[in-house]
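One structure is given here, and the rest of the page talks about it.
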Amino acid sequence: MSFEFETYTIKKLQANILDYRIGQPLTKNGVIELFDAIRGTSSASDYQVGITCDIDRREGEHDADFLAVINCSDVEDANELEKFAHTKGYYTGLLSGNAHKSESIYLYIFKR
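Right under this line is the structure:
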């Protein structure tokens with residue numbers, strides 16, 4: 124299983140921290156490495172990870188700029204990756220891995 128690194132904004136990242144390119148396949152551990160690089164020395168629990176089918180709508184609902192969006196290809200993979208992020212200390216809300224819509228394939232991260 125691999126996930127497509129779809130988009131990210133460089134805020135705290137320096138170009139040389141990660142050698143990931145948009146569209147490059149990532150493993151579960153690769154996604155967490157990306158999230159860890161984004162948060163730097165901050166606690167993982169300071170960052171929220173979630174799943175959506177509509178990135179723009181969800182950014183508006185959270186009133187946040189997403190720092191990375193991962194295209195998981197299907198909802199099952201998105202749920203598995205969100206659960207994995209939760210085990211790594213990222214905040215995922217009360218129920219992680221509970222997306223039901225087949226279109227909910229985008230995993231996102233932002234600073235809470």
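Residue numbers for the sequence shown follow the working numbering, so the first one is 124 and each next one is one higher.
Yeah, the Cβ is synthetic: ideal placement off N, Cα and C, and Gly gets one too.
Taking buried to mean at least 16 other C-beta atoms within 10 Å of its own C-beta, is Ser196 buried or exposed? Here residue 196 refers to the residue found at position 73 when the sequence shown is read from its first residue. It is exposed - the Cβ of Ser196 has fewer than 16 other Cβ atoms within 10 Å.
Between the beta-carbon of Gly212 and the beta-carbon of Ser165, is there less than 8 angstroms? For this step, residue 212 is matched to residue 89 along the sequence shown. For this step, residue 165 is matched to residue 42 along the sequence shown. No; because the gap between Cβ atoms is not below 8 angstroms, this pair is not in contact.
Looking at the secondary structure, which residues open and close the alpha helix (DSSP H) in which Thr175 lies? To locate residue 175, count along the sequence shown from 1; it is residue 52. Thr175 -> not in any alpha helix (DSSP H); beta strand (DSSP E) instead, spanning 170–175.
Taking Cβ to Cβ, would you say Phe207 is nearer than 8 angstroms to Ile174? Your numbering for residue 207 matches position 84 in the sequence shown. Your numbering for residue 174 matches position 51 in the sequence shown. In this structure, Ile174 does not lie closer than 8 angstroms to Phe207 by Cβ.
Counterpart residues of Tyr214 in DSSP-defined beta bridges: Mapped onto the sequence shown, residue 214 falls at position 91. Among the bridge pairs identified by DSSP, Tyr214 is matched with Gln171.
Based on Cα-Cα distance, which residue from Ile193, Gly183, Tyr170 lies nearest to Ser227? As a working note, residue 227 is residue 104 in the sequence shown. Residue Ile193 is the option with its Cα nearest to Ser227.
Who are the near neighbours of Arg181 in its chain, counting only those whose CB is closer than 6 angstroms to its CB and skipping five residues on each side? Translated into positions along the sequence shown, residue 181 becomes position 58. Only Thr175 meet the Cβ criterion.
On the criterion of 16 or more Cβ atoms from any shown chain inside 10 Å, does Thr210 qualify as buried, or is it exposed? Looking up residue 210 in the sequence shown gives position 87. Around the beta carbon of Thr210, a 10 Å sphere encloses fewer than 16 other beta carbons of the protein chains shown; the residue is thus reported as exposed.
8 angstroms contact criterion, which Leu149 and Ala191 should meet: CB distance rounded: As a working mapping, residue 149 is identified with position 26 in the sequence shown. As a working mapping, residue 191 is identified with position 68 in the sequence shown. The pair is not a contact, with the Cβ atoms about 10 angstroms apart (cut-off 8 angstroms).
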